[in-house]
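Structure record follows, encoded as structure tokens.
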Amino acid sequence: MAIRPKAKRNVHEYAEDLMQLVRSHFLDAEFELQRARAKDYALVVKNTNLDDLFDLLPLTAERTTDILVESGIHIHVLPEGRIDQNPS
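Under my numbering, read the sequence shown as residues 16 to 103, first letter to last.
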């Protein structure tokens, strides 16, 4: 019996997976996908109501590791905070 290889996904499909994960907890999140170099990207998460910007990382860490192992694509999830925040 032959085993069919998985269909290759592109970085935008993987980024969409991560965006859905984030939106499941932060509905108002906005995103910007930036390319750093070949197979290395930053998914900037904007406009979230996080008390601590690092609270987002445990939500996405496992999936970003899966993406790296599966495809060799490294996507850093970088929380930026609310656009309308006033500094104290």
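C-beta atoms are modelled at their ideal positions from N, C-alpha and C, and glycine is treated no differently.
Residue environment analysis places V37 among the buried positions, since at least 16 neighbouring C-beta atoms fall within 10 angstroms of its C-beta. Per the coordinates, the alpha-carbon of E47 lies some 10 Å from the alpha-carbon of E95. Taking all protein chains shown into account, V84 has fewer than 16 neighbouring C-beta atoms within 10 Å of its C-beta and is therefore exposed. Between H91 and L65, the CB-CB gap reaches or exceeds 9 Å.
The alpha-carbon of G87 is positioned some 7 Å away from that of K54. For the alpha helix (DSSP H) assignment, the uninterrupted runs of no fewer than 4 residues enclosed by the segment 66-91 are, from N- to C-terminal side, 72-86. Closest by C-alpha distance to N25, out of D43, Y56 and H40, is Y56.
Across the set H27, L74, Q35 and D81, the C-alpha of H27 shows the shortest separation from the C-alpha of R50.
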